[in-house]
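Enquirer: Let me begin by handing over the structure; questions about it come next.
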Amino acid sequence: MLTRKQHELLMYIHERIKETGVSPSFDEMKEALDLASKSGIHRLITALEERGFLRRLPHRARALEVVKLPQQATAAAPPLGRAPFKPQLVEGDRSLAPPFAANDARELPVLGRIAAGTPIEAIQQERDRMIVPESMLGAGEHFVLEVQGDSMIDAGIYDGDYVIIRRGSAANSGEIVVALVMGEEATLKRLRRKGQSIALEAANPAYETRIFGPDQIQVQGKLVGLIRRYH
Numbered sequence: 007m008l009t010r011k012q013h014e015l016l017m018y019i020h021e022r023i024k025e026t027g028v029s030p031s032f033d034e035m036k037e038a039l040d041l042a043s044k045s046g047i048h049r050l051i052t053a054l055e056e057r058g059f060l061r062r063l064p065h066r067a068r069a070l071e072v073v074k075l076p077q078q079a080t081a082a083a084p085p086l087g088r089a090p091f092k093p094q095l096v097e098g099d100r101s102l103a104p105p106f107a108a109n110d111a112r113e114l115p116v117l118g119r120i121a122a123g124t125p126i127e128a129i130q131q132e133r134d135r136m137i138v139p140e141s142m143l144g145a146g147e148h149f150v151l152e153v154q155g156d157s158m159i160d161a162g163i164y165d166g167d168y169v170i171i172r173r174g175s176a177a178n179s180g181e182i183v184v185a186l187v188m189g190e191e192a193t194l195k196r197l198r199r200k201g202q203s204i205a206l207e208a209a210n211p212a213y214e215t216r217i218f219g220p221d222q223i224q225v226q227g228k229l230v231g232l233i234r235r236y237h
């Protein structure tokens with residue numbers, strides 16, 4: 007038996023596919039079910055997939071297919087959400103996914119690359135998805151970034167690694183964070199508070215520590231885990 011939210015989401019996806027030929031975006035589903043974040047949609051989709059009601063299709067921009075409907079599926083679909091926007095639900099690169107049970111894992115958005123070196127352009131929109139074990143996460147909203155650069159190698163973070171970030175604006179001195187510099191550039195560094203100033207400290211002696219005023223740095227989240235691919 008499906009929960010009420012699972013039933014609502016399944017019927018909403020079914021009606022949207024009938025109407026438009028494609029499944030709705032995650033934001034449309036979140037709006038339609040009045041959920042606070044897309045992580046709730048991820049969990050509902052996983053539950054429907056495990057119960058055989060949904061199937062994800064590889065190499066498709068909108069990769070959901072309704073396999074079957076519950077016998078009691080007579081309720082009307084929730085109101086349509088906003089017009090589709092990108093990024094939309096995509097089939098993630100399963101080469102990134104460690105092998106563990108679905109109920110012990112969560113699917114997180116990969117938002118692009120983060121500089122572990124000279125700051126690069128601010129965090130991009132969702133470009134992929136990655137399965138991450140729940141044991142690495144805990145409470146809160148999380149996302150994944152691919153590391154570019156070598157300034158954090160002494161902290162065990164290498165070019166090409168994937169860092170798991172818990173979204174939030176607070177961080178203690180000494181924690182590794184994603185910092186938005188002057189509203190334009192994002193970087194992965196260790197944060198140090200020095201009086202009224204904030205230092206972004208590399209873990210590589212080849213890079214200098216950079217000092218900023220408190221209004222020049224916005225913490226986007228802090229490091230909670232790391233995934234490394236071996237080729």
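Under my numbering, the first residue of the sequence shown is numbered 7, with each subsequent residue one higher. All residues carry an ideal CB built from backbone N, CA and C; glycine is no exception. Quick caveat, the model's predicted, so the values are computed rather than measured.
Can you tell me the Cβ-Cβ gap for residue 220 and residue 233, rounded? I've got them flagged as a contact below 8 Å.
Expert: That pair is no contact at about 32 Å.
Enquirer: Which word fits residue 217, buried or exposed, when buried means at least 16 other C-beta atoms lie within 10 angstroms of its C-beta?
Expert: So residue 217 ends up on the exposed side.
Enquirer: Which of helix, strand or coil does DSSP assign to residue 149?
Expert: Here residue 149 sits in strand by DSSP.
Enquirer: Should the segment 136–150 be regarded as contacting the segment 190–210, the criterion being three or more beta carbon pairs within less than 8 Å?
Expert: Result no; under three Cβ-Cβ pairs closer than 8 Å.
Enquirer: What did DSSP end up calling residue 26 once you bin it into helix, strand or coil?
Expert: Note: residue 26 maps to helix in three-state DSSP.
Enquirer: Whose C-alpha, out of 155, 176, 15, is nearest the C-alpha of residue 54?
Expert: When only C-alpha atoms are compared, the closest one is 15.
Enquirer: Would you list the residues sitting across from residue 224 in a DSSP beta bridge?
Expert: Partner(s): 186.
Enquirer: Please list, in chain order, all residues of the same chain as residue 240 whose beta carbon is under 7 Å from its beta carbon, the five residues on each side excluded.
Expert: Because the chain here runs from 7 to 237, residue 240 falls outside it and cannot be looked at.
Enquirer: Look at the alpha carbon of residue 58 and the alpha carbon of residue 72, and state the distance between them as a whole number of angstroms.
Expert: Approximately 9 Å, taken between the alpha carbons.
Enquirer: How long is the line joining the alpha carbons of residue 136 and residue 201, rounded to whole angstroms?
Expert: Taking the straight line from one Cα to the other gives about 39 Å.
Enquirer: From the DSSP output, in three-state form, read off residue 231 for me.
Expert: Strand.
Enquirer: Per DSSP, residue 17 is paired with what?
Expert: Answer is none; residue 17 lacks a bridge partner.
Enquirer: The alpha helix (DSSP H) that contains residue 74, what's its start and end?
Expert: Careful: residue 74 lies outside any alpha helix (DSSP H) and carries neither H nor E.
Enquirer: Once DSSP output is grouped into helix, strand and coil, what is the label at residue 202?
Expert: DSSP places residue 202 in coil when its eight states are reduced to three.
Enquirer: If I follow the unbroken beta strand (DSSP E) through residue 113, where does it start and stop?
Expert: First-last of the beta strand (DSSP E) with residue 113: 111–121.
Enquirer: Let me make sure I understand the geometry here. Which of 61, 113, 178 has the alpha-carbon closest to that of residue 143?
Expert: The option with the nearest alpha carbon to residue 143 is 113.
Enquirer: Kindly indicate which residue of 194, 211, 190 has the alpha-carbon position closest to the one of residue 180.
Expert: Checked all of 194, 211, 190; the closest Cα to residue 180 is 194.
Enquirer: List the residues that DSSP assigns as beta-bridge partners of residue 195.
Expert: According to DSSP, residue 195 bridges with 183.
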